[in-house]
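Residue numbers (my numbering): 18 to 101. Beta carbons are placed, not taken as given, at the ideal position from N, Cα and C, and that holds for glycine.
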Amino acid sequence: MNSRKKKIFITFGILWLMVTGIVIGARVVPHVYPSYCVGCGDCVRECPRPGRAIRIIRGKAVINPEECIKCNKCVDVCSYGAVR
Ligand code: SF4
Ligand code: SF4
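Written as structure tokens, this is what we have:
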């Protein structure tokens with residue numbers, strides 16, 4: 018492999034690591050802001066693990082980080098901006 022090819026190979030390698038790192042790093046367990054939550058349950062219905070990853074407790078959504086698969090569906094469905 019000549020040096021020009023090596024530079025291109027290394028540059029694309031670094032870019033690939035940065036992009037995958039950003040995508041993977043963006044996936045975190047969402048946070049519920051109880052003061053915004055009205056307890057409508059939309060997030061629980063949308064969640065692939067309802068009752069385990071997220072449930073309503075005393076009228077507010079609560080996420081269990083151990084069960085959450087970080088799909089962010091609850092974030093997308095909440096009309097009140099209570100899950101971010
Ligand atoms: S969808 Fe939003 S407002 Fe409704 S229960 Fe879930 S977090 Fe609360
Ligand atoms: S991120 Fe996905 S798995 Fe986790 S609580 Fe929200 S909808 Fe459920």
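- Going by C-alpha positions, Tyr50 is about 10 Å away from Tyr97.
- Arg62 sits in a helix when the DSSP states are folded into three classes.
- Residue Lys77 holds the alpha-carbon nearest to the alpha-carbon of Asp59 among Lys77, Trp33, Ser20 and Pro82.
- In this structure, Lys87 keeps its C-beta atom at 9 Å or more from the C-beta atom of Cys64.
- A straight-line Cα-Cα distance of about 16 Å links Val61 and Glu83.
- From the listed residues Arg101, Ser20 and Val79, the smallest Cα separation to Arg66 is found for Val79.
- Boundaries for Val46: no alpha helix (DSSP H) harbours it, and the DSSP string shows neither H nor E there.
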